[in-house]
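Protein chains: 2
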Amino acid sequence: MSKSNNVYKDAFNRGLRLLDETKSLPSEPELGTLLGVSRTTVRSILSRMEETGLIAWNKRNKTVLRSPRPDDFFPEEETDSLAEIIERSFMRRLLAEGAEAGMQINELELAREIGVGTTSVREFLIRFSRFGLIEKRRNSHWVLKGFTRAFALELTEIREMFELRSAAAFVALPEDSAVWADLDRLEVEHRQLASEIATRFNEFSELDERFHRLIHRASHNRFIVDFYDVIAMIFHYHYQWNKAQERERNEVAVQEHLAYIAALKSRDPGKVDAACRKHLKSARQTLLSSIPEGRQLQPA
Amino acid sequence: MSKSNNVYKDAFNRGLRLLDETKSLPSEPELGTLLGVSRTTVRSILSRMEETGLIAWNKRNKTVLRSPRPDDFFPEEETDSLAEIIERSFMRRLLAEGAEAGMQINELELAREIGVGTTSVREFLIRFSRFGLIEKRRNSHWVLKGFTRAFALELTEIREMFELRSAAAFVALPEDSAVWADLDRLEVEHRQLASEIATRFNEFSELDERFHRLIHRASHNRFIVDFYDVIAMIFHYHYQWNKAQERERNEVAVQEHLAYIAALKSRDPGKVDAACRKHLKSARQTLLSSIPEGRQLQPA
DNA sequence: ATAATGTCTTTTATCGTGAAAAAACATTTT
DNA sequence: AAAATGTTTTTTCACGATAAAAGACATTAT
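Rendered as structure tokens:
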């Protein structure tokens, strides 16, 4: 198998959802931009929709014949890119018990275990290396540096530096900048979430990421913006497999965000700095408290 | 051709230099650590040294028979790793006239031009992407963001943030830390270079990197330490192909370093901050003044 | 018993290949 | 003539294969 057609399958699934909304589909280029794929892929999708009786397709005419049924969709797991599959497997190993710092990482073994080629694993590891959790020995293996307390401290140190600077840049943005409308919209979403926190607390992490990315973008610095990828990755996986006190944590964080947003809207640099510091401090505490560390401290 | 034996050739060349120093070579494992290669490679090296009459080799006995001649060495260009070759070609293109921002980067074309496989080019681009000069469009080409004024400003912004913090951490290091001895050694080297600056000005960039890396290491933060790779890369290539006022530039920089070193040794945070700021400011000026930019400002 | 050498196995680095997806070109339709 | 469709070419993505290099195991020498 040389290359999976997950792009096609994923776009097909997303395309199915369009069928509920209209009587006939738009032009091929339009569908392309809508689904974020090339016309080649759009045509494959249309072909299958025709074959399975979802649409009648004749040149510009793409009439919807019926609504999609559950079995029209490709299975979820077939729509993931190889990179996503590898990342998930790797992160599961990394955050699992027994992933000690200093451990060697074997490309071949990883590839066999996941059931993919070595090239894909190599490329993943190279991409992943910028997160600072692994390191390459030239002409030899990778070394796991581990998701340790030291890592969390180094990560948060940079995060705090970058976010304080971004937040300061944010308030200096002109009145007519589009960010203020974005901020208003985020505020509304925060209020909605706050009022239904008991049931929707698990939707916080997605909102959290959008909020912080908006702030970081105000720095207009690609290194700061890109660094948020590291934070997002850590938070994504870490909290996915560590649900302790998730509701309480998120409840506190939403309130901190609201205070932070209010400070930003006041455009008072002093207030912003204080609100930002407060939130970052509790974010750091949350992250640190979830790292066990100290196995080596137990008496023999 | 699947894999070049540049590791062997490079280690062989370095091994030749050992022959001048001793009558007989040490054990295989010892040679391995000395040359930074595995025993397998050491044995290949010894085999060739025996074949070409450089040594007599019998088990533990490796007697030097003659000094190496120029033609014993492998040609320099055969000792470079593929990654280095690709990097050089790519950087030449990038810093050459006509490398406009927004331009597409074609893996296949690059690979053909350099005469290597696509995999190596892909891996290089992934590794290179962390420098913030290129960006990947999913399932499609890479986009060149260009070595622009904006890039230089974003780079220096982070650099200044990181270095000021590292310098502050440096002075807080205990009296008995090894860094003070390192600093003393660097100071001596700076003084020597300063006294012979007229002839040795081109040796500055190597010293510059060692000095700044020492300071950055005091941060004990992997993200700060790793970020220096971006700076080092830019400086390496940029100045390699832009020799204008090299001597004057370096002469000034050496003096600034000496002042900076004196400030560090005084352990006075205020002085360190001032010296660091001064040097970083002139470093930024130097970098900025060497970026043309403004082609688009010319009247039609 | 330790450390080196000799031999064999595994892993990494790189390539060519082929299918998926994108992109370019040609033709038709409005 | 502008925009869509139809067709062909090019590029990206992922694989298996192979030589280089590393690493592991077995044997020999001090």
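Residue numbers (this note's numbering), protein chains in the order written: chain A, 1 to 300; chain B, 301 to 600. Note that the Cβ used here is the ideal one computed from N, Cα and C, for glycine as well.
Establish whether the CB of residue i and some CB of chain A are separated by less than 7 angstroms.
i: B/E454; result: yes
i: B/P599; result: Reliability of the predicted coordinates at B/P599 is poor, the pLDDT of 34 falling under 50, and no value is obtained from them.
i: B/F523; result: yes
i: B/G432; result: yes
i: B/N439; result: yes
Count the other CB atoms, across all protein chains shown, that sit within 10 Å of the CB of residue i; report buried if there are 16 or more and exposed otherwise.
i: B/N502; result: exposed
i: A/H190; result: buried
i: A/G98; result: exposed
i: B/W541; result: exposed
i: A/A275; result: buried
i: A/M49; result: buried
i: B/K327; result: This sequence places Ser at residue 327 of chain B; Lys is not what is there. Classification for B/S327: exposed.
i: B/M391; result: buried
i: A/A218; result: buried
i: A/D184; result: exposed
i: A/T63; result: exposed
i: A/A11; result: buried
i: B/T456; result: buried
i: B/A583; result: buried
i: B/L354; result: buried
i: A/V7; result: buried
i: A/M1; result: exposed
i: B/A553; result: buried
From the DSSP output, read off the bridge partner residues of residue i.
i: A/A56; result: A/T63
i: B/K436; result: B/W442
i: A/S24; result: A/T63
i: B/I414; result: Note: B/I414 sits in no beta bridge, so no partner.
i: B/I405; result: B/W442
Quick one: grab the DSSP three-state call for residue i.
i: B/W442; result: strand
i: B/R595; result: Legend: pLDDT at B/R595 = 42, less than 50; position of this residue unreliable, value from coordinates given subsequently. Correct three-state label for B/R595: helix.
i: B/Q540; result: helix
i: A/Q285; result: helix
i: A/Q255; result: helix
i: A/K245; result: Per the sequence shown, residue 245 of chain A should be read as Gln rather than Lys. Note: A/Q245 maps to coil in three-state DSSP.
i: A/H216; result: helix
i: A/L280; result: helix
i: A/F73; result: coil
i: B/G336; result: coil
i: B/K303; result: coil
i: A/D273; result: helix
i: B/T419; result: helix
i: A/T79; result: coil
i: B/N521; result: coil
i: A/A99; result: coil
i: B/E475; result: coil
i: B/S566; result: helix
i: B/P368; result: coil
i: B/S590; result: coil
Within 7 angstroms (strictly less), CB to CB, does residue i reach chain B?
i: A/E196; result: no
i: A/V7; result: yes
i: A/R295; result: Confidence at A/R295 is low in this model, with a pLDDT of 42, below 50, so the placement of that residue is unreliable and no value is reported for it.
i: A/R127; result: yes
i: A/I301; result: Nothing about residue 301 of chain A can be read from this structure; chain A reaches only from 1 to 300.
i: A/I158; result: yes
i: A/E28; result: no
i: A/E123; result: yes
i: A/A283; result: no
Considering residue i, what are the terminal residues of the alpha helix (DSSP H) in which it resides?
i: B/T456; result: 449–471
i: B/S344; result: 339–351
i: A/A181; result: 179–195
i: B/D310; result: 306–319
i: B/A383; result: 382–395
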